Amino acid sequence: MFDDTIAAIATPPGAGAIAIIRVSGKDTFAVVDAISVTKKKLRDCASHTIHYGTITAVDGEVIDDVLFSIFRGPRSYTGEDVIEISTHGNQLITAKVMERLIQNDVRVAEPGEFTRRAYINGRIDLSQAEAVIDVISARSDASLRGARNQLDGLLSQKISALRERLIHASSLLELELDFAEEDIEFVDRSVLQQTVCEVIEEIAKLLATYSFGRVIRDGVHVALVGKPNVGKSSLLNYLLKESRAIVSEIPGTTRDVIREEMTINGILFRIYDTAGIRDTEDIIEMEGVKRSMDTIRSADIVLLIEDALGPDDDSYNELLNHISAKKIIRVLNKIDKPHEEHAGYEVYTSAKTGEGINILLEAMKRHAGDTGTYTEKTAIVTNARHYHSLSRANEFLHHALSSGSSHLSPEFISVDLRNAEAALSEIIGVVSTDDILNNIFAKFCIGK
Ligand SMILES: Nc1nc2c(ncn2[C@@H]2O[C@H](COP(=O)(O)OP(=O)(O)OP(=O)(O)O)[C@@H](O)[C@H]2O)c(=O)[nH]1
Ligand SMILES: [Mg+2]
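410 is the number of the first residue of the sequence shown in the working numbering; add one for each residue after it.
What follows is the structure, encoded as C-alpha cells:
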C-alpha cells in the first residue's frame, strides 16, 4: 500500500458538460470530506454509490456543485479508496478543486500513476495496464478490439498457463537434483520433451499473430513512391476524397512527406505521399528525395507508381533493389489517357476518373495481413515488448530441447526452462524492474 494520496483531472482539458477529478489513496475519504459539504459524510457512505454535494473554498464559498462517486478499496480501479468528483466542465473549477486537494496534502498524480497503482496492487497485470493505453489511443475499430482483447486478459491467461507448465516441469527437474545420488527420474524425458514442444508450439502461434497484431495496433504504413509527376499526390487525394496535397503538372511538386490516415474495413492505414524520386540539383528537392527514401524504409507497403504514358522499368529496377524486402504493389496510373499495353502491374488506376481505385484498396487490404483467422477469443500479440519476450522464451525452450536430446544433466535443462518462464513473466509483469515500469507508464496521460 502507498502512503500518499494522489489526485488528477481525468478528463481532457477544455470546456465540457462535466469534468472528473479522480482521487485515490488511504486519505481519500478524509480529504474529500474536508473540502466538501454533503448530506452525509462520504466516509459513512457505501461503496459504489453516488452522492450530491458541494466543494467549498477555505472561506466556505461554494466552488461548484458536484457528484461524488465512491469506490472503496480493494474494489476500485487502483485497489485503493477512490472518489471521482464530477464537476461542471470548466478548467477554472477543476483547477480550484485540485488546489483544495493539494492544500490537504494530496499529491498531483504522475501520468499513468492510477494504472500503475492498479498494477502494483494486483488489480491488473502489466499487459493489461499496457492495454489501457491502447484502448485510450486506439484510432480504428480493429485496434480498439485488439486492445480490448488484451485488457480482457486473453493474452495474460495464455501466458500464465504456459508459465505454469514450465514451472511444473522445472520444479520436478530440480527435485531430481535433490535426489541425485539415488538416480531417480521424476520426469520422464519423453514427457518433458512433449511438454516443451507443446509450449513452443503455443508460443509460435502467439508470435504468428504479431504481424497482424502490430497492424491492428499501429496501423499499416503505406508509402506512395515513384518518379515525379506520375500522380502520387493525385492518388492520395483520391483515396482521401479531399484535395489534401498540391497537385500540378510541374514535376517535383511535392517536397515534403505528407501523412494522412484512412481506415479500410476498420484497419488504420497511414498513407505517406512522398517527393518524386529523381536526380536533382535543387537542394530543397534533394532533401525531399532523401525523406522519400526514409519513408520507404519505414513503410510496410510501398505503392510503386508509374505513368501509363511512359513507364520507366530500368530506373525502377534500381529503386526496387532498395526496397526488395518490402511488400510492393506496382501501380500503373493515368490509364484514362491513351497508352500502350503494359503487363506486370498489380493494379491499374486513374486518379482522374477513379478507375481501379477499389482494386487498389483491395490490394492494400490483402497486403496488410491475414485478418480472417482470428476470432474475438484468440489471444493476439500487438505489442513489440511482448513479442520480444516471447521470442526470447522461444529461444530458451529450443535450447532446452537440444540440451535434453544431448542428455545433459537436469540442471541445464531446468535453467533453460526457468529462463523461458522468466521471459514470459516479463509480459504480465510477475517480475518487473523500475526501468520497464517507468518506460511503460510514462506513455500514459495524466489522470489515468
Ligand atoms: N489524366 C490523368 N492525369 C493525372 C492522373 N494522375 C495525375 N494526373 C496529373 O498528373 C500531374 C502530376 O500529378 P501529381 O499528383 O502532382 O504527381 P506527383 O507524382 O505527386 O508528382 P510530384 O509531387 O512532382 O512527384 C497533374 O497534372 C495531375 O493532374 C491520372 O490518373 N490521369
Ligand atoms: Mg506530389
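C-beta atoms are modelled at their ideal positions from N, C-alpha and C, and glycine is treated no differently. What you are looking at is a predicted structure, and each value in this text was computed from that prediction instead of being measured.
Counting only runs of 3+ residues, the beta strand (DSSP E) found wholly inside the stretch 720 to 767 occupies 736 to 742, in chain order. The continuous beta strand (DSSP E) containing Leu633 extends over residues Val629 to Gly635. Under DSSP, Glu670 shares a beta bridge with Arg679. Taking C-beta separations shorter than 8 Å and ignoring five residues to either side along the sequence, the partners of Phe805 in its chain run Asp825, Leu826, Asn828, Ala829 and Ala832, following chain order.
Judged by DSSP secondary structure, Gly555 falls within the alpha helix (DSSP H) whose first and last residues are Asp550 to Leu560.
Ile789 carries a coil assignment under DSSP once its states are collapsed to helix, strand and coil. The continuous alpha helix (DSSP H) containing Ile693 extends over residues Ile692 to Ser707. Taken in chain order, the complete beta strand (DSSP E) segments of 3 residues or longer contained in the stretch 419 to 458 are 425 to 433 and 445 to 447. Along the stretch 575 to 657, the beta strand (DSSP E) occurs as fully enclosed runs of 3 or more residues at 629 to 635, listed in sequence order.
Per DSSP, the continuous alpha helix (DSSP H) segment holding Thr503 begins and ends at Gln500 to Gln512. Rounded to the nearest whole angstrom, the C-alpha separation of Gly856 and Ala551 is 25 Å. If you draw a straight line from the Cα of Leu648 to the Cα of Leu563, it comes to about 35 Å. Taking every protein chain shown into account, the CB of Lys636 has 16 or more other CB atoms within 10 angstroms, so this residue is buried. Beta-bridge pairing by DSSP links Arg516 to Ile415.
Non-local C-beta neighbours of Ala788 in its own chain, meaning closer than 6 Å and more than five positions away in sequence, comprise Leu563, Leu564 and Lys567, ordered along the chain. Sixteen is the threshold: since fewer than 16 other Cβ atoms of the shown chains lie within 10 Å of the Cβ of Thr458, the residue is exposed. Phe588 counts as exposed, since fewer than 16 other C-beta atoms from the protein chains shown sit within 10 angstroms of its C-beta. Around the Cβ of Gln512, a 10 Å sphere holds fewer than 16 other Cβ atoms; the residue is exposed. In this structure, Lys736 sits away from Asp716, with a CB-CB distance that is not shorter than 8 Å. Rounded to the nearest angstrom, the gap between the Cα atoms of Asp745 and Lys699 is 31 Å. Under a 10 Å Cβ-count criterion, Ala455 is classified as exposed, with fewer than 16 other Cβ atoms of the shown protein chains found around its own Cβ. For Leu846, the enclosing alpha helix (DSSP H) begins and ends at Asp843 to Phe850.
Distance between Gly462 and Ala443, taken at the CA atoms: about 12 Å. A direct Cα-to-Cα measurement between Asp473 and Ile427 gives close to 11 Å. Val441 and Gln537 have their alpha carbons spaced roughly 29 Å apart.
The three-state secondary structure of Ser565, taken from DSSP, is helix.
If you look at Ser546, you'll find it in the alpha helix (DSSP H) that goes Leu535 to Ser546. Here Arg481 has Ser456 and Asp490 as same chain residues with Cβ atoms under 7 Å from its own Cβ, once five neighbours each way along the sequence are excluded. For the pair Val475 and Gly425, the Cα-to-Cα distance works out to about 14 Å.
Bounds of the alpha helix (DSSP H) holding Ser823 are Pro819 to Ile837. Linking Gly521 to Asp721 through their CA atoms gives a straight-line distance of about 53 Å. Residue state for Tyr796 is assigned as helix, using DSSP reduced to three classes. Burial state of Ser818 is exposed, judged by a 10 Å Cβ sphere holding fewer than 16 other Cβ atoms.
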